[in-house]
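Residue numbers (my numbering): 402 to 712.
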């Protein structure tokens, strides 16, 4: 091949080759900068969230003598690690402990019962607001959220009087009723928004196949809305597990029925309880919420409605 023929072939290749996309000047540097900022933000967020819990956990496994000698030391020495603080926190009072195992059981009963009751009320309520036409539907939805905006202390004294007359003060049942009433409005508001995203065509297909409205709710809508129901249940559980004001108001004179938040407040107010035992109690209070979140994380983030209309 001659030189002229080679040049002509090269020109033809250039003319017929696909056009290369031109990148905007500085786009690579912008991507690199945004990538760096993303990792810096994630790192700062993790430090802000995990550092207090890590410091609390480190203090809970140190002897009080070591803490008093070196209060600025973050990591405990390997030969100083001890879990006696957790034994002291969890052991019954009759054995010299703080009785947190009983408090954990009471909190679990209250929180789980509140979740079940709240979901039993909120699921049909939110479905009715999302799907069924009735007069004042939008106003009712707004009122549900508005009731949650009142401070808890406003209703604390009236509830104290009413529950005393009904004989519910000093019982876990009264606490369950309060937490259920406190969380149902937000639960309805949260699930109503999710129910509205479920395609109505799927429910109409179920109705055409002979299902009743209750059957559609039970066999179709609830299954598609599982992530929202799990998120709402976790929200109710966290409120019931960490709540302190009503637990103090209703159960302060019934120590065997104390919840774990009330027990922790009792530890923090005592000058006889070492700081390391208080930190162990804080870890015991926090750990169930963290474990529950990671167990349900997949359901919370999963999109069960993806591709629901296909097929």
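We put the beta carbon where it would ideally sit given N, CA and C, even for glycine.
The model shown is predicted, which means the values in this text are computed figures rather than measured ones.
A Cβ-Cβ distance of about 23 Å is found for the pair residue 648 and residue 486, leaving them out of contact under the 8 Å criterion. Its chain contains 634, 637, 638 and 641 as the residues whose beta carbon lies nearer than 8 Å to that of residue 516, once the 5 sequence neighbours on both sides are disregarded; these appear in chain order. Residue 687 sits in a helix when the DSSP states are folded into three classes. Counting along the chain, residue 491 sits inside the alpha helix (DSSP H) bounded by residues 485-491. Across the set 500, 479 and 466, the C-alpha of 500 shows the shortest separation from the C-alpha of residue 663. If the five residues before and after residue 651 are omitted, its C-beta is found closer than 7 Å to the C-beta atoms of 564, 570, 571, 575 and 576, all from its own chain and listed in chain order.
In this structure, DSSP gives residue 474 a state outside helix and strand, which the three-state scheme calls coil. Straight-line spacing of the CA atoms in residue 610 and residue 537 works out to 31 Å. Taking residue 660 as reference, the option from 695, 512, 674 and 595 with the minimal CA-CA separation is 512. Here the alpha carbons of residue 585 and residue 621 stand approximately 22 Å from one another. Residue 558 has its alpha-carbon roughly 25 Å from the corresponding atom of residue 509.
A straight line joining the alpha-carbon of residue 554 with that of residue 698 spans about 33 Å.
The closest CA to that of residue 498, considering only 628, 687, 454 and 678, is found on 678.
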